[in-house]
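Novice: Under the numbering used here, the letters of the sequence shown match residues 1299 to 1636, in that order. All residues carry an ideal CB built from backbone N, CA and C; glycine is no exception.
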Amino acid sequence: MPSNNIFKKAGKYAVSVAVAAAIFYFLSRRISFGQVAAVFRGVDWSLIAAAFAAYLAVNFFRAWRFYFVLGGKAPLGRLYNIASVHAMINNILPARTGELSYVYLIRKNGGVSDAENVYSLIVSRVFDMLTASGLVMLSVFFVSYSLQNAREAAALAMFGFLAVALLFLAFVFWEKRLFAAAEAVARFLTLDRFAVVGRFLAGFGEVTAKLADVRRYENFVKLSYLSVFLWILIFLMFWLTFLALGLEISFWQSVFVVAFPAAVSLLPVQPIGGFGAYEASAMLGLMMLGFDKETAFAAGLASHVITLLFSVIAGIIGYVFILIYRRRRNGNNGNDSL
């Protein structure tokens, strides 16, 4: 029922707001917001401009990777706008529900099958997790001299990387077994009698069949270096933002800190915009590097607001260009030029 869906969505957002409010209340009882104001007043705007340029480059590499996975079936310029809007929505909506915006925007664009659409998103996310976890594991070894719990951090980073690597193998090299397992579960639970499950399995079968393309050497190499450049730029953006806020922090230390909010963002219960969860997790990472709790919280909140504004500004611009393209297409009988 539509009314039930509305109530369910409202309930999810209410929980997200409540989680954010509870975390902020807990932190505000222990932190002086005067320190936060001082951090914002001392921002180096030239470094913020450089960080924003890095973010725009991040969206370019996201679009380039989508373009490559989709085999050029959508123009690179249009994919850049879609990637910008997708990133904005994903950063705002809770529990990464914004991922669906990519599927919707690509479908509205036309020229790409649903299987290719979902496949491009899955491949991108699998390479994201593998690349990011690998760089985070590398960062632990570079910053171990400044960590209070270096051994535990190294063990956790290694465990995370191995878990992601196993997931990568399952999706890319064992895709037939993965699909067979999904079919077996559906039969065991007698879910295959439902039409919607049958459609899901058919679509899942198409997606897993295409995953074999990733195993080709040239495809694997290109996806790998695109993902590495993308994540280096993401971490560069955060590093420049931390420097702009006055933190004395190295590139690899910033990678280590950003790993905490990135991991928390994968949790099923996530506040809207990540507020509260980002600050608490970034604060933990900074305190492990020896920063006091006031500085850690102020830097976490300020960096969150600034980088979220990056995605909102780029996303709004991307959405405007998408609207312009749609009006041109409707007015020119399918003219695809941006």
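Between the C-alpha atoms of L1587 and F1459, what's the straight-line distance to the nearest angstrom?
Specialist: For the purposes of this step, residue 1587 is identified with residue 289 of the sequence shown, where counting begins at 1. For the purposes of this step, residue 1459 is identified with residue 161 of the sequence shown, where counting begins at 1. Whole-angstrom Cα-Cα distance: 21 Å.
Novice: Just checking, does the segment 1580-1597 make contact with the segment 1548-1558 on the three C-beta pairs under 8 Å criterion?
Specialist: Segments in contact, yes.
Novice: Starting from A1594, trace the alpha helix (DSSP H) in both directions and tell me its first and last residue.
Specialist: Here residue 1594 refers to the residue found at position 296 of the sequence shown. K1591 to G1629 is the span of the alpha helix (DSSP H), which, as asked, contains A1594.
Novice: F1549 and A1580: beta carbons closer than 8 Å?
Specialist: Position 251 of the sequence shown, counted from the start, is the residue given in the question as residue 1549. Position 282 of the sequence shown, counted from the start, is the residue given in the question as residue 1580. No. Outside cutoff.
Novice: Taking the CB atoms as reference points, tell me whether L1543 and A1597 lie closer together than 8 Å.
Specialist: In the sequence shown, residue 1543 corresponds to position 245, counting from 1. In the sequence shown, residue 1597 corresponds to position 299, counting from 1. Yes, the pair counts as a contact, with Cβ atoms nearer than the cut-off.
Novice: Name the two residues that bound the continuous alpha helix (DSSP H) containing L1343.
Specialist: For the purposes of this step, residue 1343 is taken as the residue at position 45 of the sequence shown. A small correction: the amino acid at residue 1343 is Trp; Leu does not occupy that position in the sequence shown. Run containing W1343: W1343 to V1367, per the alpha helix (DSSP H) assignment.
Novice: Since N1379 and I1620 should fall inside the 8 Å C-beta cutoff, what is the C-beta to C-beta distance between them, to a whole number of angstroms?
Specialist: Here residue 1379 corresponds to residue number 81 of the sequence shown, with the count starting at 1. Here residue 1620 corresponds to residue number 322 of the sequence shown, with the count starting at 1. Contact holds; Cβ gap of about 5 Å.
Novice: Is the distance from the Cβ of A1612 to the Cβ of Y1443 below 8 Å?
Specialist: As a first step, residue 1612 must be located in the sequence shown, where it is residue number 314. As a first step, residue 1443 must be located in the sequence shown, where it is residue number 145. Cβ atoms of A1612 and Y1443: not closer than 8 Å.
Novice: For a quick check, are the C-beta atoms of N1407 and R1376 less than 8 Å apart?
Specialist: Taking the sequence shown and counting its residues from 1, the one referred to as residue 1407 is at position 109. Taking the sequence shown and counting its residues from 1, the one referred to as residue 1376 is at position 78. It is a contact, given that the beta carbons lie within the stated cut-off.
Novice: Under 8 Å Cβ to Cβ from F1540, same chain only, skipping five residues before and after it: list those, please.
Specialist: The residue you call residue 1540 lines up with position 242 of the sequence shown. Counting only Cβ-Cβ distances below 8 Å, and skipping sequence neighbours, we find I1547, S1552, V1555, A1597 and S1601.
Novice: Can you grab the Cα-Cα spacing for the pair A1335 / A1463, in whole Å?
Specialist: Taking the sequence shown and counting its residues from 1, one reaches residue 1335 at position 37. Taking the sequence shown and counting its residues from 1, one reaches residue 1463 at position 165. Roughly 41 Å separates the two Cα atoms.
Novice: I need the straight-line Cα distance from N1415 to D1590, nearest angstrom please.
Specialist: Translated into positions along the sequence shown, residue 1415 becomes position 117. Translated into positions along the sequence shown, residue 1590 becomes position 292. Take the alpha-carbon of N1415 and the one of D1590: they are about 45 Å apart.
Novice: Could you pull out every residue in the same chain whose Cβ sits closer than 6 Å to the Cβ of F1350, ignoring the five residues on either side in sequence?
Specialist: Counted from its first residue, the sequence shown places residue 1350 at position 52. Here the set comprises F1608.
Novice: What does the Cβ neighbour count give for R1360, buried or exposed, with the cut at 16 atoms within 10 Å?
Specialist: For this step, residue 1360 is matched to residue 62 along the sequence shown. The residue is buried, with at least 16 neighbouring Cβ atoms inside 10 Å.
Novice: Quick one: measure Cβ to Cβ for E1473 and L1521, integer angstroms, because I've assumed they're closer than 8 Å.
Specialist: Taking the sequence shown and counting its residues from 1, one reaches residue 1473 at position 175. Taking the sequence shown and counting its residues from 1, one reaches residue 1521 at position 223. About 15 Å separates the two Cβ atoms, so there is no contact after all.
Novice: Just to confirm the assignment, what range does the alpha helix (DSSP H) spanning E1577 have?
Specialist: In the sequence shown, counting from the first residue as 1, residue 1577 sits at position 279. Unbroken alpha helix (DSSP H) run through E1577: A1575 to M1586.
Novice: Identify the continuous alpha helix (DSSP H) that holds I1570 and give its terminal residues.
Specialist: Walking along the sequence shown from the start, residue 1570 turns up at place 272. That residue, I1570, is in no alpha helix (DSSP H); it is neither H nor E in DSSP.
Novice: Please return the same chain residues whose Cβ sits closer than 8 Å to the Cβ of L1374, not counting the five positions on each side in sequence.
Specialist: Start at 1 with the first residue of the sequence shown, and residue 1374 comes out as number 76. Answer for L1374: A1361, W1362 and Y1365, listed in chain order.
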